[in-house]
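Take 379 as the starting number for the sequence shown in the numbering used here and just add one per residue.
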Amino acid sequence: MSTVTVRRLLDLDTLVRFERRRSAAVSPPPLTRLAVPDGMSQPLGCDAVSVPSRFGPLLMARLPRAGCVYEDVDAARWWWIVPADSDVALDWPSPAYYSAGAVVPGARRAPSLIHSPSGGEVPYTPPIPLYLAWCRATGTTPAWSRAVRA
Numbered sequence: 379m380s381t382v383t384v385r386r387l388l389d390l391d392t393l394v395r396f397e398r399r400r401s402a403a404v405s406p407p408p409l410t411r412l413a414v415p416d417g418m419s420q421p422l423g424c425d426a427v428s429v430p431s432r433f434g435p436l437l438m439a440r441l442p443r444a445g446c447v448y449e450d451v452d453a454a455r456w457w458w459i460v461p462a463d464s465d466v467a468l469d470w471p472s473p474a475y476y477s478a479g480a481v482v483p484g485a486r487r488a489p490s491l492i493h494s495p496s497g498g499e500v501p502y503t504p505p506i507p508l509y510l511a512w513c514r515a516t517g518t519t520p521a522w523s524r525a526v527r528a
């Protein structure tokens, strides 16, 4: 007795339907955003920069002013609140992570606030000093001082 294999061609509609069912079954985890302390305003929007936690104390020592800083113990990262669009014209060297909207990707819980500016009305760390301190800590030349190639 011989075995017969039946193969069915799947059209685009069937594939789309399968993908929609699969996507509906696996919902993404809810987004976790860094919560700004009560009483602080965000007139410039809110983004965040994260670095591995081993660099956190070094950066804090090099900053003239630090805004709200958070620690994510699960991911071993520190997060700084910066004004929105602080990544424009700045190439944040790896392993820094820039997050528009101050979203913490893959967080199981919200990071803890470990520093808040005393008497501050805004949560921001100035992005240029943070960027320069980060470049110095990683031995990276700031993006605007690299040689331009034609």
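Note that CB positions come from ideal geometry on N, CA and C, so glycine has one too.
Predicted model, so just to flag it, every value in this text is computed and none were measured.
| request: Have a look at C424 and W522 and give me their C-alpha separation to the nearest angstrom. | output: Distance between the alpha carbons of C424 and W522: 24 angstroms.
| task | Under the assumption that A426 contacts I459 (Cβ atoms under 8 angstroms), give the Cβ distance between them as a whole number of angstroms. | result | So it is a contact: roughly 6 angstroms between Cβ atoms.
| request: Go ahead and pull the three-state DSSP assignment for S431. | output: Helix, per DSSP.
| query | Excluding sequence positions up to five away, which residues of its chain have a Cβ less than 7 angstroms from the Cβ of A454? | reply | The residues are P430, S431.
| said: Am I right that I492 and V447 are in contact with their C-beta atoms under 8 angstroms? What's the rounded C-beta distance? | reply: Right, their Cβ atoms sit about 6 angstroms apart.
| task | Find out if the Cβ-Cβ distance for the pair A515, L436 is shorter than 8 angstroms. | result | Taking the C-beta atoms as reference points, L436 is found nearer than 8 angstroms to A515.
| message | With distance defined between alpha-carbon atoms, name the residue in P421, E397, S428, F396 nearest to R411. | response | Closest option to R411, Cα to Cα, is S428.
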